[in-house]
Amino acid sequence: MSVLDLQFVGLALLMFFSMEIIARLMHKYVMHGFMWSVHEDHHKERQAELEKNDLFGLLFAGVAILLLAEGILNHDLYYLSLAIGMTMYGAAYFVVHDMIIHDRHLHLRSWGMRHRPFRDLILVHDVHHAEGEGNWGFLFVIKGVDKVPKVKS
């Protein structure tokens with residue numbers, strides 16, 4: 000693998016991790032702000048297979064598709080790398096947040112509760128839903144930023 004290849008892989012990974020920061024900021028200031036009417040169904044006791052909140056995922060998917068098209072049509076590996084990183088984040092979000100944390104679609108929450116990294120993420124996200132604020136992330140628990148509940152072993 001050449002240095003240039005590593006640069007594009009690095010850019011895709013940077014975009015993946017940057018998406019968590021972007022998602023946290025969007026979640027706090029947009030979803031719980033002026034777009035609450037779209038996000039609020041996500042905070043109901045039971046989640047549906049389809050929610051208005053899923054429009055945010057479609058928005059991000061649209062941006063990734065535009066980046067992908069730009070990368071392919073103009074043979075631009077920078078745009079392609081950004082699209083790949085964003086798409087990887089979207090896929091991880093769908094599996095971790097929707098299927099594991101919220102038990103939607105494949106209903107993997109009980110599986111997640113048996114695996115510590117996912118259990119911690121579920122518990123941190125449950126605090127967000129119980130309190131309606133804080134713990135704005137989707138894929139990562141950041142100690143010192145996120146309120147991590149104490150759990151009896």
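Residue 104 in numbering that gives the first Met the number 0 sits at position 105 of the sequence shown, and the numbers go up by one each step. Backbone N, C-alpha and C define an ideal beta-carbon position, used for all residues, glycine too. Bear in mind the structure is a predicted one, so any value in this text is a computation, not a measurement.
Looking only at its chain, what residues have a beta carbon closer than 6 Å to the beta carbon of residue i, apart from the 5 residues adjacent to it on each side?
i, result
"Ser-80", "Phe-7, Leu-10, Ala-11"
"Gln-46", "His-101, Arg-103"
"Gly-84", "Ala-11, Met-14, Phe-15"
"Ala-90", "none"
"Met-30", "His-38"
"Val-95", "Leu-138"
"Leu-76", "Phe-7"
"Arg-23", "Trp-135, Gly-136"
Between residue i and the rest of its own chain, which residues show a CB-CB distance below 8 Å, the 5 nearest in sequence each way excluded?
i, result
"Asn-134", "Val-123, His-124, Val-126, His-127, Asp-145, Lys-146"
Starting from the C-beta of residue i, find all residues in its chain whose C-beta is less than 7 Å away, skip the five residues before and the five after it, and write them out in chain order.
i, result
"Asn-52", "Val-37, His-38, Asp-40, His-41"
"Glu-50", "Asp-40, His-41"
"Asp-102", "Arg-108"
"Ala-60", "Gly-89"
"Ala-63", "Ala-82, Met-85, Thr-86, Gly-89"
In terms of DSSP beta bridges, what is residue i paired with?
i, result
"Asp-145", "Lys-142"
Report the rounded CA-to-CA distance for residue i versus residue j, giving the unit in angstroms.
i, j, result
"Ile-121", "Gly-111", "8 Å"
"Glu-19", "Tyr-88", "8 Å"
"Asp-4", "Ile-21", "25 Å"
"Lys-27", "Ser-1", "40 Å"
"Glu-130", "Leu-54", "23 Å"
"Leu-57", "Tyr-92", "12 Å"
* **In chain order, each alpha helix (DSSP H) run of at least 4 residues that lies wholly inside the region 30-63** => Fully enclosed alpha helix (DSSP H) runs of 4 or longer: 35-38.
* Pick out the complete beta strand (DSSP E) segments inside the region 81-127, 3 residues or longer, and give them in chain order. => none
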